[in-house]
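Below is one structure, written out as structure tokens, with a few remarks after it.
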Amino acid sequence: MNDSQSADFSSSYFDGLSARKQRVKVSVFTTKLLLTFSDGRAIDWPYVELRSALGPADAEGTLRLERVKEGRPAPETLIIDEPRLFRQIEQAAPAELTRPFHGSKSFKKITILAGLLLLPITLYLLWTQFIPAASERFASSVPVEWETRLGEAALNSFSVSERVMNAPQTQGALEAVAVRLTASVPDYPYPMRIYILDDPQVNAFALPGGHIVFYRGLLQSAASADEIAGVMAHEIQHVLQRHATRGIIRSLTSFLTFYFLIGDVNGAMQTALDIAQNLERLSFSREMEDEADRLGMAMILRAGVPPQGMVRMYKKLGEHALGEAPVSDDDATSSGVFDYFSTHPQTGARVETLQKLAEEHANPPYSPILPGVDWNKMVERELRDDKDILNEGGIAT
Numbered sequence: 014m015n016d017s018q019s020a021d022f023s024s025s026y027f028d029g030l031s032a033r034k035q036r037v038k039v040s041v042f043t044t045k046l047l048l049t050f051s052d053g054r055a056i057d058w059p060y061v062e063l064r065s066a067l068g069p070a071d072a073e074g075t076l077r078l079e080r081v082k083e084g085r086p087a088p089e090t091l092i093i094d095e096p097r098l099f100r101q102i103e104q105a106a107p108a109e110l111t112r113p114f115h116g117s118k119s120f121k122k123i124t125i126l127a128g129l130l131l132l133p134i135t136l137y138l139l140w141t142q143f144i145p146a147a148s149e150r151f152a153s154s155v156p157v158e159w160e161t162r163l164g165e166a167a168l169n170s171f172s173v174s175e176r177v178m179n180a181p182q183t184q185g186a187l188e189a190v191a192v193r194l195t196a197s198v199p200d201y202p203y204p205m206r207i208y209i210l211d212d213p214q215v216n217a218f219a220l221p222g223g224h225i226v227f228y229r230g231l232l233q234s235a236a237s238a239d240e241i242a243g244v245m246a247h248e249i250q251h252v253l254q255r256h257a258t259r260g261i262i263r264s265l266t267s268f269l270t271f272y273f274l275i276g277d278v279n280g281a282m283q284t285a286l287d288i289a290q291n292l293e294r295l296s297f298s299r300e301m302e303d304e305a306d307r308l309g310m311a312m313i314l315r316a317g318v319p320p321q322g323m324v325r326m327y328k329k330l331g332e333h334a335l336g337e338a339p340v341s342d343d344d345a346t347s348s349g350v351f352d353y354f355s356t357h358p359q360t361g362a363r364v365e366t367l368q369k370l371a372e373e374h375a376n377p378p379y380s381p382i383l384p385g386v387d388w389n390k391m392v393e394r395e396l397r398d399d400k401d402i403l404n405e406g407g408i409a410t
């Protein structure tokens with residue numbers, strides 16, 4: 014190579030003292046670069062004082078060379094975007110300086126491969142760690158008023174008012190059970206709203222904000238208010254622990270994240286609407302169900318309600334879910350009969366856990382809820398499905 018290249022190339026120069034960009038001519042020598050400014054001033058850049066700051070360069074890219082100089086807050090920088098200048102520097106400069114852009118193609122391949130390998134790991138951590146943790150933190154800070162409105166929106170979305178039953182005595186009995194149970198919770202934060210739906214399914218569910226829905230089929234399967242108290246306590250714990258709210262926020266966050274990643278805003282909005290309209294069929298995780306069981310039994314015990322009522326009801330519901338109990342001809346036509354434990358797995362283990370908790374607290378005095386009420390007779394009289402018992406005036410409260 015000659016002492017200097019025959020051609021000079023224009024590049025961008027920053028002096029490390031200001032953000033002002035200057036155009037300079039760059040000449041390549043065997044031991045240095047020579048930078049010439051528009052005013053004729055020239056400075057030497059020895060290769061031994063330079064470093065390649067931004068890895069690979071190619072015909073479509075740029076090379077960033079830096080020279081650290083004492084007394085400057087930032088290094089002097091030369092931005093080179095001329096491919097022919099790249100090649101001349103490669104021929105003249107030491108290998109230590111040019112190695113980053115000698116292997117630019119392989120570097121790109123490695124970068125792409127690493128990105129492909131990291132993508133599934135990143136998505137897995139996003140879905141299993143970040144979204145659940147963020148959802149939990151957000152759900153714990155949601156105001157009670159917001160939860161209540163969310164529950165009301167859910168009720169309206171699947172037209173509860175069109176199916177609610179006019180059964181004043183049964184409604185009053187359920188409210189009395191709720192009062193007895195929630196009295197054991199200091200500063201119970203939610204307004205209690207209970208609904209009876211004219212449906213043969215053996216089911217009940219809780220919505221955000223204290224809304225609890227009982228199906229006719231479940232009330233008909235109970236033998237006493239104490240048995241219903243077991244289901245009530247379980248559903249109240251779903252409300253208190255914000256299980257529905259947490260599930261909604263987590264599902265919504267997951268789906269919205271996915272749709273925003275692929276740029277489908279319409280899909281994100283539709284998913285939000287679908288979640289709001291399907292809260293009636295919201296299922297909880299095994300951990301949430303176990304927590305509602307344990308805390309529900311603890312509520313029963315604190316309220317002084319005989320715990321065996323909850324154990325009996327769970328056994329009964331488990332038998333129904335397994336098809337071991339008789340089903341009437343009318344109820345058998347419903348595809349959702351005995352749904353309560355269809356989304357509540359491991360019934361046997363759960364009954365055993367409740368039985369153990371009940372036995373551990375067998376000595377304190379208990380008093381039945383509504384001891385003077387014949388539950389079966391009351392329910393048979395008010396919840397028969399062979400008469401018009403729909404409430405034309407709207408939701409009972």
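Under the numbering used here, the sequence shown has 307 at position 294, and the numbering climbs by one with no breaks.
Where a beta carbon is used, it is the ideal one built from N, C-alpha and C, also for glycine.
It should be emphasised that the depicted structure is a prediction, and the values quoted were computed from it without experimental measurement.
By the Cβ test, the segment 208 to 228 is not in contact with the segment 360 to 379, since fewer than three Cβ pairs between them sit closer than 8 Å. Here Pro107 is not bridged, per DSSP, to any residue. Around Asp94, the same chain offers Thr75 as residues with beta carbons nearer than 6 Å, after the five sequence neighbours per side are excluded.
Taking a C-beta distance under 9 Å as the contact criterion, Val244 and Met323 qualify as a contact pair. Rounded to whole angstroms, the separation of the alpha carbons of Glu395 and Tyr228 is 13 Å.
Within the model, the alpha-carbon separation for Gly317 versus Tyr379 is close to 5 Å. Measuring C-alpha to C-alpha distances from Pro59 to each of Gly53, Leu47, Asp387 identifies Leu47 as the nearest. Ranked by Cα distance from Glu165, the first of Thr258, Glu365, Leu91 is Thr258. Judged by DSSP in its simplified three-state form, Gln214 adopts coil rather than helix or strand. When C-alpha distances from Phe27 are compared across Ile249, Leu78, Leu91, Phe42, the shortest belongs to Leu91. Beta-bridge annotation (DSSP): Gln250 is not paired with any residue. Residue range 229 to 234 is occupied by the alpha helix (DSSP H) that includes Leu231. The closest CA to that of His247, considering only Ser237, Met301, Arg206, Ile262, is found on Met301. In this structure, the CA atom of His224 is about 31 Å from the CA atom of Pro377. Beta-bridge partners assigned by DSSP to Met310: none are found.
Rounded to whole angstroms, the Cβ separation of Asp21 and Ser40 is 5 Å, and the two are in contact under 8 Å. Look at Leu46 here: in three-state DSSP terms it is strand.
The C-beta distance from Ala108 to Phe42 rounds to 17 Å, too long to meet the 8 Å contact threshold. Within the DSSP secondary-structure output, Pro59 pairs in a beta bridge with Lys45. Taking all protein chains shown into account, Asp57 has fewer than 16 neighbouring C-beta atoms within 10 Å of its C-beta and is therefore exposed.
When DSSP states are grouped into helix, strand and coil, Phe99 belongs to the helix group. A straight line joining the alpha-carbon of Phe99 with that of Ser154 spans about 57 Å. Residue burial is scored here from C-beta neighbours: Val392 has at least 16 other C-beta atoms within 10 angstroms and is therefore classed as buried.
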